[in-house]
Amino acid sequence: MFERIKEDIQSVFHRDPAARNTFEVLTNYPGLHAIWFHRLSHRLWRANWRWLARSLSTFSRWATGVEIHPGAKLGRRFFIDHGMGVVIGETAEIGDNVTLYHGVTLGGTSWSAGKRHPTLEDNVVIGAGAKILGPITMHKGVKVGSNSVVVKDAPEGATVVGIPGRIVMPSASKEQNGHRAKIARKYGFDAYAISDENPDPVANAIGLMLDHVHLIDTKVEEMCKEINNMGGSVCGKSLPTLEIDSFGDHLTTAEKESAKASFDPQI
Numbered sequence: 001m002f003e004r005i006k007e008d009i010q011s012v013f014h015r016d017p018a019a020r021n022t023f024e025v026l027t028n029y030p031g032l033h034a035i036w037f038h039r040l041s042h043r044l045w046r047a048n049w050r051w052l053a054r055s056l057s058t059f060s061r062w063a064t065g066v067e068i069h070p071g072a073k074l075g076r077r078f079f080i081d082h083g084m085g086v087v088i089g090e091t092a093e094i095g096d097n098v099t100l101y102h103g104v105t106l107g108g109t110s111w112s113a114g115k116r117h118p119t120l121e122d123n124v125v126i127g128a129g130a131k132i133l134g135p136i137t138m139h140k141g142v143k144v145g146s147n148s149v150v151v152k153d154a155p156e157g158a159t160v161v162g163i164p165g166r167i168v169m170p171s172a173s174k175e176q177n178g179h180r181a182k183i184a185r186k187y188g189f190d191a192y193a194i195s196d197e198n199p200d201p202v203a204n205a206i207g208l209m210l211d212h213v214h215l216i217d218t219k220v221e222e223m224c225k226e227i228n229n230m231g232g233s234v235c236g237k238s239l240p241t242l243e244i245d246s247f248g249d250h251l252t253t254a255e256k257e258s259a260k261a262s263f264d265p266q267i
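Using the working numbering, the letters of the sequence shown map in sequence onto residues 1 to 267.
Structural data, given as structure tokens:
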């Protein structure tokens, strides 16, 4: 028991830079207190002292703001940061070195008995306010962004964001993003809010489309030059220029200039 308590305290120091000393951790970390209460209530639950287990769990919720059903299974070095508003359902299973932030719900989506809550494998991190719903599995090393709602399994090492939760696409290569990167450097920002580190898969998909369109424009221009060198007469007129001003006055000057630059093949 004391070894587990020592592990729990060390896990706080490893994952919370605000922790200053052992006494402070022992007295001021409700997430830690909730886990210790749960260990006792879980023993009572397994011994079939169900009412007493639920009563202790309810007292723990009053004292810490964290609600953990006594039937839930928690691994070693589990850490709940801040703690307030965390809800962990009866059939939830949590592996080792898992971190939850405040407002996280590991909930069910069915009224039927049996496994109806999530499983979090080792080294999973769930951001503040995220909801993991149903008998799904967050495999090893998964990270879930704040306020996401996840209803499907996530593969090992994935990052999940959004409502409903979407697995983040790999960052595009520097070669793919070269054109947009030049625009961003020229105007000081990325008009499409698309960067290599952007966690939004929809934004990244738009970025890939822009790269594809730019590549097609470049190839068409090269084909026209070669045909003209061979004696043909094609592509006599340049591509039409997009007049951003025609879209109205709601865009700022910087936004208009960046949008124009997106269609400038010289950039």
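For each residue, glycine too, the CB sits at the ideal point set by N, CA and C.
DSSP-derived helix/strand/coil call for residue i
i, result
"Gly107", "strand"
"Ala154", "strand"
"Leu74", "coil"
"Ile136", "coil"
"Glu90", "coil"
"Glu67", "strand"
"Val213", "helix"
"Asn21", "coil"
"Lys271", "Missing from the structure shown is residue 271; the chain here goes from 1 to 267 and no further."
"Met223", "helix"
Cut-off 6 Å between Cβ atoms - residues of its own chain near residue i, not counting five sequence neighbours on either side
i, result
"Met84", "Gly65, His102"
"Phe247", "Low local confidence applies: a pLDDT of 46 at Phe247 is under 50, so the model's placement there is unreliable, and no value is given."
CA nearest to the CA of residue i, picked from the options
i, options, result
"Val104", "Arg166, Glu221, Gly89", "Gly89"
"Asp281", "Leu40, His82, Ala47", "Only positions 1 to 267 of the chain appear in this structure, which leaves residue 281 out of reach."
"Ala53", "Pro155, Leu44, Val125", "Leu44"
"Lys73", "Met230, Gly95, Thr99", "Gly95"
"Arg39", "Gly71, Ile9, Pro164", "Gly71"
"Val25", "Lys6, Phe37, Ser41", "Lys6"
Which residues DSSP lists as bridging residue i, in chain order
i, result
"Phe79", "Thr99"
"Lys131", "Thr105, Val149"
"Leu40", "Answer is none; Leu40 lacks a bridge partner."
"Arg166", "Val161"
"Leu120", "Ile94, Met138"
"Ile126", "Leu100, Val144"
Own chain residues within Cβ distance below 8 Å of residue i, not counting five before or after
i, result
"Ala62", "Reading off the sequence, residue 62 comes out as Trp, not Ala. So no residue of the chain qualifies."
"Thr22", "Ile9"
Beta-carbon proximity list for residue i, same chain, < 7 Å, skipping 5 on both sides
i, result
"Lys115", "Thr91, Pro135"
"Ala154", "Met138, His139, Val142, Val160, Ile167"
"Tyr29", "Val12"
"Phe78", "Ile35, Ile94, Val98"
Check: residue i C-beta below 6 Å from any heavy atom of the ligand ADP
i, result
"Lys143", "For the ligand ADP, the structure offers nothing, since it holds no ligand at all."
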